[in-house]
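Residue numbers 5 to 168, in this note's numbering, belong to the letters of the sequence shown in order.
Yeah, the Cβ is synthetic: ideal placement off N, Cα and C, and Gly gets one too.
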Amino acid sequence: MAISGKRLNLSQPEFKKKISGGNYRVAVVCSRWNSEITKSLLKGAVEELQKSNVKKENILISEVPGSFELPLAASWHASDPTVDGVICLGCLIKGDTPHFDYIAQATAAGIMDVSLQYQKPVVFGVITTLNIEQARERAGGSHGNKGVEAALTCLHMIELKKSI
Ligand code: RBF
Numbered sequence: 005m006a007i008s009g010k011r012l013n014l015s016q017p018e019f020k021k022k023i024s025g026g027n028y029r030v031a032v033v034c035s036r037w038n039s040e041i042t043k044s045l046l047k048g049a050v051e052e053l054q055k056s057n058v059k060k061e062n063i064l065i066s067e068v069p070g071s072f073e074l075p076l077a078a079s080w081h082a083s084d085p086t087v088d089g090v091i092c093l094g095c096l097i098k099g100d101t102p103h104f105d106y107i108a109q110a111t112a113a114g115i116m117d118v119s120l121q122y123q124k125p126v127v128f129g130v131i132t133t134l135n136i137e138q139a140r141e142r143a144g145g146s147h148g149n150k151g152v153e154a155a156l157t158c159l160h161m162i163e164l165k166k167s168i
């Protein structure tokens, strides 16, 4: 999708909104599978939170083995009343067997369930690509960094919730 001939990307100025996250507390759950990619997503997300003044001590980072474990760890954080939002980061790369579809579907549905159950933003920052090159392009390459976008989405949704 494109805006003015450019690819749609949530970290573009059109989508950026100045948010003062000084009092926000955000959990970031990051999958270790394809860690070359997920480390970049994590770096992007944490830097973006800090740019919006979220304090270091209010960024709670947890690691899980793979994307399939993201919803459970997200629910542990979301159940904490002091946590305003959760960011889930992972990277699923399509292989020769159908595992990709099962894991991607379960992860996406699980993350949405947690969000609705706890009435808090639980952001889907999981890259699902056909190969590692496409993943690199979305983890700090030509398509931006989806970790940055996940952080912006989380901040936006926390602010929206507080305003409603
Ligand atoms: N987890 C990911 O986050 N990304 C993957 O690309 C990925 N590929 C997997 C492929 C297979 C065949 C299996 C069995 C697991 C894979 N996982 C992957 C791990 C999965 O998310 C989970 O951690 C494990 O299945 C244990 O519950």
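Secondary structure note for T86: it is in no beta strand (DSSP E), with a DSSP letter that is neither H nor E. Beta-bridge partners assigned by DSSP to G148: G145. Straight through space, the alpha carbons of A108 and S71 are spaced by roughly 8 Å. If you compare the alpha carbons of I168, K166 and L159 with that of A31, the shortest gap goes to L159. Under the DSSP assignment, I107 falls in the alpha helix (DSSP H) whose first and last residues are H103 to Y122. Across the structure, N135 and V90 are spaced so that their CA atoms are roughly 27 Å apart. In this structure the stretch 122-139 touches the stretch 76-96; the number of beta carbon pairs closer than 8 Å is three or more. For I41, the closest C-alpha among the options S167, G145, K22 and I168 is that of G145.
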